[in-house]
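Quick notes on the structure that follows.
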Amino acid sequence: MQSAFSLSFSQSSLTLPNRPLSSPNAAPRNLRFCGLRREAFGFSPPKQLNSCRFQVKNRRIEVSAAAGGNGAPSNKSFDYDLVIIGAGVGGHGAALHAVEKGLKTAIIEGDVVGGTCVNRGCVPSKALLAVSGRMRELQNEHHMKSFGLQVSAAGYDRQGVADHASNLATKIRNNLTNSMKALGVDILTGFGSVLGPQKVKYGKDNVITAKDIIIATGSVPFVPKGIEVDGKTVITSDHALKLESVPDWIAIVGSGYIGLEFSDVYTALGSEVTFIEALDQLMPGFDPEISKLAQRVLINPRKIDYHTGVFASKITPAKDGRPVMIELIDAKTKEHKDTLEVDAALIATGRAPFTNGLGLENINVATQRGFIPVDERMRVIDGNGKLVPNLYCIGDANGKLMLAHAASAQGISVVEQVTGRDHVLNHLSIPAACFTHPEISMVGLTEPQAREKAEKEGFKVSIAKTSFKANTKALAENEGEGLAKMIYRPDNGEILGVHIFGLHAADLIHEASNAIALGTRIQDIKLAVHAHPTLSEVVDELFKAAKVESPASTTPQSVKAAV
Amino acid sequence: MAASSSFLSTASLSNPKSTISFASSVSPAPIPSLRRVVFCSPFSHRRVMTVRSKIREIFMPALSSTMTEGKIVSWIKTEGEKLAKGESVVVVESDKADMDVETFYDGYLAAIVVGEGETAPVGAAIGLLAETEAEIEEAKNKAASKPSSSAVVPSPPPATSSPAPAAAASDGPRKTVATPHAKKLAKQHKVDIGSVAGTGPFGRITASDVEAAAGIAPTVTPPPPPPSPAAAPAPTAKATTTSSPPLLPDASIVPFTAMQSAVSKNMIESLSVPTFRVGYPVNTDALDALYEKVKPKGVTMTALLAKAAGMALAQHPVVNASCKDGKSFSYNSNINVAVAVAINGGLITPVLQDADKLDLYLLSEKWKELVGKAKSKQLQPHEYNSGTFTLSNLGMFGVDRFDAILPPGQGAIMAVGASKPTVVADKDGFFSVKNKMLVNVTADHRIVYGADLAAFLQTFAKIVENPDSLTL
């Protein structure tokens with residue numbers, strides 16, 4: 001299982017020449033997205049929190065009575081069964097699952113619980129996008145009129161919007177912390193590092209031992225050379241999420257999902273946007289047909305222009321009465337192409353792993369461009385190509401698939417393994433979403449990837465498509481713009497990939513991702529019933545539109561083959 | 001009910017006869033798959049080509065069996081753009097979906113017959129494709145002669161440059177910087193972005209600059225964030241939507257030309273500046289005598305007055321200043337006198353740059369050149385928008401006095417009336433007849449105060465009354 005990095009569709013990708021460019025069965029996408037386990041949200045209202053805590057405590061007692069020691073290491077020679085370095089979404093997912101499996105678990109956090117996703121990533125950005133979606137709707141007079149609604153000019157208060165984002169992050173962070181505390185996970189504060197096999201240091205000089213160790217230290221925004229970030233006019237997503245200003249004109253370097261989402265936010269709030277993309281087309285990580293449509297809807301009609309096939313070789317913040325200056329060079333010839341003058345620049349060129357100071361030299365592990373090498377079971381590989389026993393790395397730090405929910409899934413997979421059940425995560429079943437208006441979501445292979453694979457392995461590929469224009473619910477919402485596309489094998493009904501662009505696409509993808517994860521075939525799932533009228537019928541139509549040669553299995557349960 | 005509506009919404013999709021299937025195989029497909037619709041196919045339409053000229057019609061394709069007409073969502077290509085076989089040209093909305101329509105031939109999109117947002121029946125020509133660049137014109141003529149059915153292509157405003165007596169003295173040659181929206185609008189309204197004067201931050205061209213150049217009213221842009229988080233209703237552009245009085249039945253409506261729109265916009269903008277006026281009688285006997293002398297050498301009265309104003313401004317820089325932000329004086333380093341000129345159906349203000357420094361003869365030459373350019377609409381932006389002070393003369397019509405509106409971005413404007421023989425009494429009580437001309441200056445009182453203006457006018461009067469310095 002091989003995969004590309006989140007950097008690949010931003011300009012940085014081309015500056016990192018060693019990256020495996022494409023691997024046949026992998027590189028599902030180079031997007032990182034965010035997902036939280038349901039537990040994180042289950043504790044939100046205080047009332048519920050108390051009751052949950054109570055219940056959980058009861059359960060712990062019961063379990064310890066039964067299993068003879070949840071809360072105490074099963075092996076007396078270690079302080080913990082499992083220590084996780086990094087309390088982001090990946091570490092959190094692993095910790096919850098570990099407790100469920102009866103492991104005595106500690107989690108080490110050097111910054112804030114929740115990591116990038118909750119504090120500086122997907123969570124606050126969803127708050128901003130919620131605002132931008134509403135602004136967009138209220139500003140669209142035509143759209144409102146078609147509903148028979150009259151709205152006087154919509155306005156916004158920047159600080160109010162920014163507060164919404166930071167309040168949401170705080171709330172989710174507290175939920176996350178409480179969910180771990182409630183389950184009895186020890187939260188240790190301080191930077192964690194590996195001292196040696198099964199030995200971890202945190203803070204100044206606290207040393208603990210653990211049977212197994214998971215590294216889940218995540219990533220930080222990647223800033224290419226020549227770009228001077230001042231946090232005011234030249235910023236990364238870390239700064240942008242605080243929404244300290246709404247510039248008249250902002251250049252966004254990188255048209256991946258981070259850049260796209262911010263373009264949605266900024267244009268809704270009145271900014272004009274210029275994209276700078278190193279590859280020859282915008283949104284290179286997406287299925288070409290989807291990115292074409294997305295460009296038509298998300299880029300062309302908005303106050304956005306773009307430069308493709310160029311690097312921002314030098315960006316200087318605004319100072320001395322001069323605007324932000326951006327030098328563009330040709331991505332291939334490296335010749336100077338243009339100089340842009342804008343009010344601000346957002347660097348969205350992907351993310352770099354945060355693995356410095358982890359003490360990896362103590363166990364003879366060499367990072368590859370910062371990423372910690374792992375096998376398909378997330379076991380860390382050392383400098384000699386050997387597995388390091390009892391050491392795992394999940395999430396952005398291993399770079400397999402830089403998505404919060406992928407990190408969490410990897411963490412759960414590791415816990416499954418250390419508790420005696422071999423498990424290999426199918427990365428092709430991990431969905432991804434981009435929360436623009438409308439949303440983009442995807443799972444599995446893109447059409448070109450599927451065709452390449454089909455050619456190699458000698459099978460036929462078919463495409464099914466449905467339009468949101470034919471969906472009653474979408475039309476009721478006046479949101480008929482959208483497309484769902486499925487790539488599948490007509491011979492056996494295997495789903496290879498599903499791509500959706502349209503209203504609530506991010507929520508619609510899971511029917512497909514679950515089908516891929518469980519190995520459900522089209523001929524079976526097409527018989528399942530969907531409520532009418534719902535957007536989910538878009539996906540239903542997709543299954544029904546497919547032409548599969550093999551008949552439905554007589555008992556749906558018999559289809560168990562892994563994809 | 002639920003069941004039947006479900007059927008309705010899906011029936012046509014699963015109709016096996018539909019020509020464009022939503023599930024098409026990627027393996028060798030004889031039918032064009034969804035979103036790969038091809039027009040101008042030589043065999044499918046009788047109407048295509050009796051290859052007399054190599055101009056092909058682009059038809060509204062039938063995207064589904066139920067489709068009778070289609071709406072143009074957008075033209076991906078613009079007129080005159082080169083097309084390669086297989087490229088998407090236009091997006092058509094059918095009853096089901098938006099689909100890209102691709103060209104079957106190489107060539108040029110010569111003319112768009114059915115514009116964006118308009119509908120045309122299946123099979124109707126929506127555009128013309130020329131094989132070579134040379135045939136574009138021919139195709140255009142053909143398109144023009146076509147009785148455009150329901151589709152009325154709004155003729156784009158002529159690509160004239162903005163004649164706005166606009167603000168912002170640009171100094172020196174500069175790279176054009178235009179915002180993304182400005183570029184989009186320029187393309188949409190066929191405005192040459194290079195000819196637009198930028199008034200945005202750092203002199204960049206903003207959307208409103210392009211709109212002014214294209215002669216359209218600025219759209220009500222997304223409201224700026226209200227200054228306070230309080231729920232005070234945002235004072236938005238409500239005022240602009242006040243209803244106009246009803247039209248009289250026989251009235252005909254003639255839309256503004258680009259230039260007229262620009263004038264209108266500037267005039268409305270001027271209302272936000274607190275102005276005041278000071279008049280001054282100037283004795284012109286000496287000036288008239290000088291004028292008679294230099295007239296054979298090609299000197300015009302305009303040049304004389306501009307020169308006099310320029311020299312007076314040099315001594316009173318505040319009258320040559322402007323107030324850009326309501327907080328500060330912007331002193332201009334050059335004295336550029338804009339002179340209002342009436343041209344057919346419009347008004348423009350060519351600028352005599354460095355009016356204080358250039359000698360009278362050069363100034364006169366320059367003026368002739370500018371007037372010539374103005375009449376043929378050849379003025380470059382810096383030749384009409386770099387003024388720091390404006391001169392308006394209606395004396396030649398016999399107007400004895402009038403009052404000018406201060407153009408945005410400048411500190412003062414001078415309105416010059418006719419010079420007339422006037423009976424005056426001198427200090428000893430002797431009557432005599434002298435030529436007197438009334439000069440009335442309108443100024444921005446945020447930066448120019450009454451005494452400033454009076455002193456300036458006094459200097460101006462002295463120069464005009466002792467005009468020898470003008471010829472130096």
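Chains as they are written, first to last, in full-length UniProt numbering: chain A, 1 to 563; chain B, 1 to 472. Yeah, the Cβ is synthetic: ideal placement off N, Cα and C, and Gly gets one too.
Alpha helix (DSSP H) segment containing residue i, residue limits
i	result
N408(A)	In the sequence as displayed, the identity of residue 408(A) is Ser instead of Asn. Start and end: A404 to V418.
F311(A)	Not the alpha helix (DSSP H): F311(A) falls in the beta strand (DSSP E), residues V310 to T316.
H336(A)	No alpha helix (DSSP H) contains H336(A), which is instead part of the beta strand (DSSP E) from H336 to V342.
H164(A)	R158 to L183
D79(A)	Careful: D79(A) lies outside any alpha helix (DSSP H) and carries neither H nor E.
G310(B)	M301 to Q315
D209(B)	A207 to A214
E365(B)	L360 to K375
Where the beta strand (DSSP E) containing residue i begins and where it ends
i	result
V464(B)	Where V464(B) is concerned, there is no enclosing beta strand (DSSP E), although the alpha helix (DSSP H) it sits in stretches over G450 to E465.
K420(B)	A412 to A425
F329(B)	Run containing F329(B): none; DSSP gives neither H nor E here.
N385(B)	No beta strand (DSSP E) holds N385(B); DSSP gives it neither H nor E.
E228(A)	Note, E228(A): premise wrong, no beta strand (DSSP E); not H, not E.
C117(A)	Unbroken run through C117(A) is the alpha helix (DSSP H), G115 to R120; no beta strand (DSSP E).
Inter-residue CB distance, residue i and residue j (contact presumed, cutoff 8 Å)
i	j	result
K465(A)	A484(A)	7 Å
L352(B)	V339(B)	7 Å
L279(A)	T308(A)	7 Å
N362(A)	M378(A)	In fact, because the Cβ distance is near 19 Å, the residues do not count as touching under 8 Å.
F501(A)	I440(A)	5 Å
A308(B)	I463(B)	5 Å
residue 617(A)	E447(A)	Residue 617(A) lies beyond the residue range present for chain A, which begins at 1 and ends at 563; the question has no answer from this structure.
P180(B)	D305(A)	4 Å
S270(B)	P408(B)	6 Å
W249(A)	D338(A)	Contact doesn't hold; Cβ gap of about 15 Å is too wide.
residue 613(A)	G444(A)	As shown, chain A starts at 1 and ends at 563. That puts residue 613(A) outside it, with no answer to give.
V99(A)	L183(A)	5 Å
Reference residue i; option with closest CA among the options
i	options	result
S77(A)	E109(A), A331(A), I208(A) and Y202(A)	I208(A)
V263(B)	I112(B), G310(B) and G215(B)	G215(B)
T275(B)	P121(B), A212(B), P281(B) and V441(B)	V441(B)
V433(B)	D285(B), V177(B), M67(B) and S74(B)	D285(B)
A348(A)	A251(A), G420(A), A182(A) and H427(A)	A251(A)
M325(A)	K314(A), A331(A) and V220(A)	K314(A)
K225(A)	L243(A), N514(A), E244(A) and V253(A)	V253(A)
S469(B)	G346(B), T257(B), L287(B) and K436(B)	L287(B)
I72(B)	G107(B), A84(B) and E116(B)	E116(B)
L129(B)	V122(B), V92(B) and K85(B)	K85(B)
I405(B)	M267(B), L394(B), K187(B) and L305(B)	M267(B)
E102(B)	L63(B), A355(B) and A120(B)	L63(B)
Y105(B)	E211(B), N344(B) and I55(B)	I55(B)
N285(A)	S237(A), S152(A), A433(A) and V388(A)	Note that residue 285(A) corresponds to Gly in the displayed sequence, not to Asn. For G285(A), the nearest C-alpha among the options comes from A433(A).
A321(B)	T119(B), Y331(B) and G107(B)	Y331(B)
L313(B)	A134(B), F460(B), V122(B) and S74(B)	F460(B)
Residue i CB to nearest heavy atom of the ligand NAP below 7 Å
i	result
I227(A)	The ligand NAP is not part of this structure, which contains no ligands at all.
Next item on the list: Could you list the residues in the segment 231-261 of chain A with a C-beta less than 9 Å from some C-beta on chain B, going in chain order?
Entry: Answer set for the segment 231-261 of chain A: V246, D248 and W249.
Notebook entry, point to check: Listed in chain order, which residues of the segment 300-315 of chain A have Cβ atoms closer than 7 Å to some Cβ of chain B?
Noted result: Residues K303, I304 and D305.
Checklist line | Whole runs of the beta strand (DSSP E) within the segment 46-134 of chain B, excluding any shorter than 3 residues | finding: If only uninterrupted beta strand (DSSP E) runs of at least 3 residues are considered, those enclosed by the segment 46-134 of chain B are 55-59, 69-75, 88-93, 98-102, 107-112, 119-121 and 125-130.
Checklist line | Within 7 Å of chain B by C-beta, residues of the segment 260-277 of chain A in sequence order | finding: If the cut-off is 7 Å between Cβ atoms, the segment 260-277 of chain A has G270, E272, V273 and T274 near chain B.
Item checked: Complete alpha helix (DSSP H) runs within the segment 256-292 of chain B (minimum length 4 residues, chain order) -> Those alpha helix (DSSP H) runs which fall completely within the segment 256-292 of chain B and span 4+ residues are 258-270.
Next item on the list: Please list the segments of the beta strand (DSSP E) lying wholly inside the segment 236-312 of chain A, counting only runs of 3 or more residues, in order along the chain.
Entry: If one requires a minimum length of 3 residues, the beta strand (DSSP E) runs lying completely within the segment 236-312 of chain A are 249-253, 272-277 and 304-308, in chain order.
Item checked: Interface positions of the segment 188-204 of chain B facing chain A (Cβ-Cβ less than 9 Å), listed along the chain -> Look at the segment 188-204 of chain B: the residues with a C-beta under 9 Å from a C-beta of chain A are G200, P201, F202 and R204.
Next item on the list: Could you name each continuous alpha helix (DSSP H) segment of 4 residues or more that falls completely within the segment 457-527 of chain A, going from the start of the chain to the end?
Entry: Listed in chain order, the complete alpha helix (DSSP H) runs (minimum 4 residues) inside the segment 457-527 of chain A are 472-476, 505-508, 510-518 and 522-525.
Check: Given a limit of 8 Å on CB to CB distance, which residues of the segment 420-454 of chain B reach chain A?
Finding: Listed by position along the chain: nothing, the set is empty.
Next item on the list: Could you please tell me which residues of the segment 368-395 of chain A, in chain order, have their CB closer than 7 Å to any CB of chain B?
Entry: Considering only beta carbons, no part of the segment 368-395 of chain A lies closer than 7 Å to chain B.
Margin query: Which residues of the segment 344-355 of chain B have a Cβ closer than 7 Å to any Cβ of chain A? Give them in chain order.
Written below: Identification of residues in the segment 344-355 of chain B having a C-beta nearer than 7 Å to some C-beta of chain A yields an empty set.
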